[in-house]
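Worksheet: the structure to be examined is printed underneath.
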Ligand SMILES: Nc1nc2c(ncn2[C@@H]2O[C@H](COP(=O)(O)OP(=O)(O)OP(=O)(O)O)[C@@H](O)[C@H]2O)c(=O)[nH]1
Ligand SMILES: Nc1nc2c(ncn2[C@@H]2O[C@H](COP(=O)(O)OP(=O)(O)OP(=O)(O)O)[C@@H](O)[C@H]2O)c(=O)[nH]1
Ligand SMILES: [Mg+2]
Ligand SMILES: [Mg+2]
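Okay, here's the thing in structure tokens:
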């Protein structure tokens, strides 16, 4: 469905025969196709609008390159703008400041917080850190058990919380214990919650207050649709996020949510989850994800060379 | 919420200002539907039908428009086929991608069946995800359902088979089989599902009697691919749409219904076992536009 974007663009430009320069009419028609492709990739409607405006501005009156068809040239501009928006270079975790540093994971139900916290712990240990995993979800049945199992699978300590405890107390006490035991990074696995659930959102604010995290990561599912912006906006408003983990990226989701979230919050996407196993996490590469949102891996290598 | 109010105001204004339903009206409506994840293609189809109806009926007031909209949308959703109660136990198999709400929905459906006086068992067919067995066990206790599980990492098909054996021997009315979340693109894991289906059918003809695909309302256009690939391997009887208690509208099920015609039977509206409602196309249409 999507690999035809460049075909569709080419046929438009052939019809219009824009010569010398990319003329307005051709660009308008081309951008309509781009807009459709972005919507099919679940990029938020409003984000699509501002994004295509930016592309239009840049494309207007550009000289036609001899090495590319006009259609390919528009895609090249779209692709470059998208990489720019997604965050030019790749960003890791902020581990500055005195130990123990706190990394807090937040997000909607089932997005992948618990799995991602164990994945990050594994990465941190590989980089010679001493992480502590903290189960702070006292609501979902067996959520604490889940993180304990994952922790023991990778032999990383987990704070012994129980579902009778209060999440804020768990986090405060865990941080204290980490200090005593010389663990330098503390990962807080919070319960999934809706961004409109005021009581539970307030709980996150209190955890933040008590633990002063150096990272607050929104864990978002790559398959999320238009609602991604509402969710990201609310979590960011309340907590001032430091970054995003985009999960379940090994499937066939286009991941348009990445573009929506970045463009709404401005916060970098730091990692991608690419499977259920604890090693299945990768740094986020804006260029690869841009190609994927456009649904055109192969053609882009060609265009990048031009 | 802010966005919800804006949207509903938007629709109301749209209906008030645009008595003649001009191009701007249809464009705004298109925008609202796309923002609800209905998707471009399904939105176009739906609006074409609606435009025809509006023209035919000479509709020129907002109340009539609301009714037409609800009717047209509701008509897209196929009615569940009348099922003849199978020889017990009726076997219900729950499938879907990771984290959509399969296990919680089993708890909700089991609770419902239990309240209707059935003898219900749940089987922990997710032997893979950490503490998935414990999660279902806790739910079974809350619901008051029987529980069958084997050790972590056992073959899910053998869990299903043995659970069915026990359910038959002990006279259960309904058996819900949980499965691990899996992406529809994972060929090996899809084969694992087919195997579960095969062993169930071998033990009890007609089983699984209901295969339910769980879709998450927060999901966008990928739900189409999920439905396509799960349906390819599994014969889906029903869809349950979860997490409609947030701001996501779950509009992609409009596209799913147009393309695959699988009935939606229930919606999930929260994390508790009572948070389940039968699906109604009219109510869904109403919520979609905040009418
Ligand atoms: N395929 C795939 N599955 C993932 C990935 N990350 C997490 N999952 C799965 O998604 C499901 C939900 O993951 P969890 O880590 O339990 O999600 P959560 O956000 O902690 O969920 P709640 O605590 O219930 O809100 C599980 O089945 C995980 O195995 C990923 O990158 N790819
Ligand atoms: N708000 C809301 N949350 C829900 C709903 N249904 C399930 N959840 C939550 O979503 C998360 C995932 O639910 P599960 O039932 O564990 O999902 P699953 O599909 O079994 O997940 P895996 O087995 O890991 O693939 C949990 O935190 C549930 O409490 C719903 O209708 N609304
Ligand atoms: Mg969790
Ligand atoms: Mg489950």
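Chains as they are written, first to last, in the numbering used here: chain L, 1 to 306; chain H, 1001 to 1291. Even for Gly, the Cβ is constructed at its ideal location relative to N, Cα and C.
Check	Outcome
Find the nearest neighbour of residue 230/L within the set 260/L, 217/L and 270/L, judged by alpha-carbon distance.	260/L
Should residue 1013/H be flagged as near chain L, meaning a C-beta pair shorter than 8 Å?	no
Write down every uninterrupted run of the alpha helix (DSSP H) in the region 1136-1171 of chain H whose length is 4 residues or greater and which is fully enclosed by it, in chain order.	1156-1169
Got a sec: does ligand 2 put a non-hydrogen atom nearer than 7 Å to the Cβ of residue 1214/H?	yes
Residue 149/L touches chain C at which residues, Cβ-Cβ below 7 Å?	Of the protein chains in the structure, L and H, none is chain C.
Per DSSP, which one or two residues make a beta bridge with residue 283/L?	271/L
Which one of 1142/H, 1117/H, 1162/H and 1242/H has the shortest CA to CA distance from residue 1151/H?	1162/H
Express the C-alpha separation of residue 76/L and residue 171/L in angstroms, rounding to a whole number.	47 Å
Is it a yes or a no for the region 1109-1127 of chain H touching the region 134-147 of chain L, going by three-plus beta-carbon pairs under 8 Å?	no
Taking buried to mean at least 16 other C-beta atoms within 10 Å of its own C-beta, is residue 294/L buried or exposed?	buried
When every heavy atom of ligand 2 is checked, does at least one fall within less than 7 Å of the C-beta of residue 946/H?	There is no way to answer for residue 946/H, as the model of chain H reaches only from 1001 to 1291.
What is the DSSP secondary structure of residue 50/L, reduced to helix, strand or coil?	helix
Below 9 Å between beta carbons is the criterion; list the residues of the region 1138-1158 of chain H that meet it against any residue of chain L, in chain order.	1138, 1139, 1142 and 1152
What does DSSP give as the partner residue(s) for residue 101/L in the beta ladder?	185/L
So, is the C-beta of residue 196/L closer than 8 Å to a C-beta in chain H?	yes
Could you spell out the range, first to last residue, of the alpha helix (DSSP H) harbouring residue 1234/H?	1222-1234
Can you give me the start and stop residues for the beta strand (DSSP E) that residue 296/L sits inside?	That residue, residue 296/L, is in no beta strand (DSSP E); it is neither H nor E in DSSP.
For residue 133/L, write down the residues that DSSP places opposite it in a beta bridge.	158/L and 187/L
What in chain H is Cβ-close to residue 112/L, meaning under 9 Å?	1098 and 1099
Would you report the Cα separation of residue 1134/H and residue 1141/H, rounded to the nearest angstrom?	11 Å
Who are the near neighbours of residue 1219/H in its chain, counting only those whose CB is closer than 7 Å to its CB and skipping five residues on each side?	1252
Taking 7 Å as the cut-off, is the beta-carbon of residue 1275/H closer than that to any non-hydrogen atom of ligand 2?	yes
Buried or exposed for residue 3/L, going by 16 or more other Cβ atoms inside 10 Å?	Any reading at residue 3/L needs caution, since the residue's pLDDT is 49, under 50, leaving its predicted position unreliable; the model's value is listed next. Under this definition residue 3/L is an exposed residue.
Quick check: the Cα distance between residue 1109/H and residue 1131/H, rounded to an integer number of angstroms?	21 Å
Short of 8 Å in beta carbon distance, which residues of its chain neighbour residue 168/L, apart from the five on each side in sequence? Order them along the chain.	203, 206, 207 and 210
Since I believe residue 1255/H is in contact with residue 1042/H (beta carbons under 8 Å), could you give me their beta-carbon distance rounded to a whole number of angstroms?	4 Å
For residue 142/L, which residues in chain H fall below 7 Å Cβ to Cβ?	1131, 1134, 1135 and 1138
Could you have a look at residue 196/L and say whether DSSP puts it in helix, strand or coil?	coil
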